[in-house]
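Undergrad: Structure incoming, see below.
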Amino acid sequence: MKKNVLYVFSLLLYILVVCTLVSQKIETEMTTLAEVREVDFTKLAGQSLQFSWTVLFDDGHEGEGDGDVMWNLYLYEVIDGTGWESGLRLQEVPRSYWTLTLPDGIIRMPVDRDYRLVKSASRRPRSGEPVEILEIKKGNDRYLAIYDNGVQEEHLLPYQAEIAAQNSNALLLNMTNVSTPFLEHRAKSMSIPTDLATRIFSLTDVAQFLENIPLVVLLAVVLAAPVFIWLYSFVLVRNTSQNKVFLLTNVGIMAGLLCFAVWIMNRIDLPASMLPVSNIFEFDYYSGEMTMIFDALHELGDVAPDITGMVDGIRESALAYATKGVLLTFAVILAEALIVWCRRHIHAKKSND
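Just add 50 to wherever you are in the sequence shown, counting from 1, and you've got the numbering used here.
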């Protein structure tokens, strides 16, 4: 009885460790990434700060308020959290602290302390959530802009953009010397045509997301394999003295797989622009996102073969990882079961002799 209780506890301990590791990885992947503007009070004390309204975020409250567009827009800053909410955190700057004038779209705010104002972010900010401040670099990229209401006939695109392909519902833009990593909020604020897009995707991020899919599948297999080995070991534990070597071997295998899983987690790096707002397990979101991207690329013609050509290879790699993982797991179980059976058969034969 004690052995069974201890054995069940070992499975619960494994599940607890896995949940802890996975939750930490999810928290890292889902942390909001922000580009900030630092305001030094000692240099600007008493002055009024002016900046473009493109730093504002629509917080999903369309249709509320008194009809003034200002009441649907929000300004955020990064603060140092305390206590349970230690680390960098997002916080809304109260509307009473700043004013927005139209039609020039200028925000004015007195400088009464140091600020780290959020210029752009990987997702819609939420007060109290953890945030990571980005180190912005320059590089080249390709943006896929998709429009539900059609592309405007005249394009007043940013100077970094060159139209590579277009149709009535999508634009593929070659972007030079743009800020990286990609933030959709920043990309939309670059011009009126980009702001009118329903979605803008970085093909660099799309490629990175696809490349990570086989690793995610491999991680799932590696984390699941110890459970099946544990279930088989439950049979062995009934006769611990005879199966001690196999039980210790299985413990070693499970520990090794757990270490391997940690190594895989460290290699997985999902681009923030491709992730859902709140739940990383929103598989319908990924499905809809990929359908939107590949339908648009298909309609534009063979303009991004490096992206569309990745699909078959990614699918084959993911399937290969899953198949090999399952086969290796059951091969270990089958091999141990066969050795145990042979030992029992030989022992029984000697007893009869």
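From the three backbone atoms N, C-alpha and C, an ideal C-beta is built for every residue, glycine too.
Whole angstroms are fine: how far does the CA of R236 sit from the CA of N190?
TA: Residue numbering aside, residue 190 sits at position 140 when the sequence shown is read from its first letter. Residue numbering aside, residue 236 sits at position 186 when the sequence shown is read from its first letter. Near 15 Å, if we compare the C-alpha coordinates of R236 and N190.
Undergrad: Taking Cβ to Cβ, would you say L308 is nearer than 7 Å to L297?
TA: Along the sequence shown, read from residue 1 onward, the residue named residue 308 stands at position 258. Along the sequence shown, read from residue 1 onward, the residue named residue 297 stands at position 247. Not closer than 7 Å, so no.
Undergrad: How big is the Cα-Cα spacing for S283 and I364?
TA: Position 233 of the sequence shown, counted from the first residue, corresponds to residue 283. Position 314 of the sequence shown, counted from the first residue, corresponds to residue 364. S283 and I364: Cα-Cα distance of roughly 34 Å.
Undergrad: Starting from M159, trace the beta strand (DSSP E) both ways and give me its first and last residue.
TA: Position 109 of the sequence shown, counted from the start, is the residue given in the question as residue 159. Counting along the chain, the beta strand (DSSP E) containing M159 begins and ends at 156-160.
Undergrad: Measuring alpha carbon to alpha carbon, tell me which residue in L347, N262, P144 is nearest N219.
TA: Residue numbering aside, residue 219 sits at position 169 when the sequence shown is read from its first letter. When each option's Cα is compared against that of N219, the closest is L347.
Undergrad: For the alpha helix (DSSP H) containing Q258, list its first residue and its last residue.
TA: Sequence index remark: in the sequence shown, residue 258 carries index 208 (1-based). Per DSSP, Q258 belongs to the alpha helix (DSSP H) from 253-286.
Undergrad: For L140 versus Y126, is the C-beta distance shorter than 7 Å?
TA: Position 90 of the sequence shown, counting from 1, holds the residue named residue 140. Position 76 of the sequence shown, counting from 1, holds the residue named residue 126. Going by C-beta atoms, L140 is nearer than 7 Å to Y126.
Undergrad: Kindly indicate which three-state DSSP category Q74 falls into: helix, strand or coil?
TA: As a working note, residue 74 is residue 24 in the sequence shown. DSSP places Q74 in helix when its eight states are reduced to three.
Undergrad: Using the three-state DSSP reduction, which class does R394 fall into: helix, strand or coil?
TA: The residue given as residue 394 occupies position 344 in the sequence shown. In the structure shown, R394 sits in a helix (DSSP, three-state: H, G or I).
Undergrad: Within 10 angstroms of its Cβ, does L194 collect 16 or more other Cβ (buried), or is it exposed?
TA: In the sequence shown, the residue the question calls residue 194 occupies position 144. Flag for L194 reads buried.
Undergrad: Per DSSP, what kind of secondary structure is A95 in: helix, strand or coil?
TA: For the purposes of this step, residue 95 is taken as residue 45 along the sequence shown, with counting starting at 1. If DSSP states are grouped into helix, strand and coil, A95 belongs with coil.
Undergrad: How big is the Cα-Cα spacing for W148 and A214?
TA: For this step, residue 148 is matched to residue 98 along the sequence shown. For this step, residue 214 is matched to residue 164 along the sequence shown. Rounded to the nearest angstrom, the two C-alpha atoms are 40 Å apart.
Undergrad: Rounded to the nearest angstrom, what separates L388 and H395 at their Cα positions?
TA: Translated into positions along the sequence shown, residue 388 becomes position 338. Translated into positions along the sequence shown, residue 395 becomes position 345. Cα to Cα, the separation comes out at about 10 Å.
Undergrad: If I measure Cβ to Cβ from T358 and keep anything under 7 Å in the same chain, skipping five residues before and after, which residues do I get?
TA: Counting from one through the sequence shown, the residue named residue 358 turns up at place 308. Excluding positions up to five away in sequence, the list reads F344, L347.
Undergrad: Nearest CA to the CA of I303: which residue from R163, I383, Q74, P160?
TA: Translated into the one-based positions of the sequence shown, residue 303 becomes position 253. The shortest Cα separation from I303 among R163, I383, Q74, P160 belongs to I383.
Undergrad: Per the DSSP calculation, G137 is bridged to which residue(s)?
TA: If you number the sequence shown from 1, residue 137 lands on position 87. G137 is bridged to G131.
Undergrad: Of all the options R393, M315, G351, T82, which has the alpha carbon lying nearest to the alpha carbon of I183?
TA: Within the sequence shown, numbered from 1, the residue matching residue 183 stands at position 133. Looking at the Cα atoms, T82 is the closest of the given residues.
Undergrad: Within 10 angstroms of its Cβ, does T290 collect 16 or more other Cβ (buried), or is it exposed?
TA: Counted from its first residue, the sequence shown places residue 290 at position 240. Label assigned to T290: exposed.
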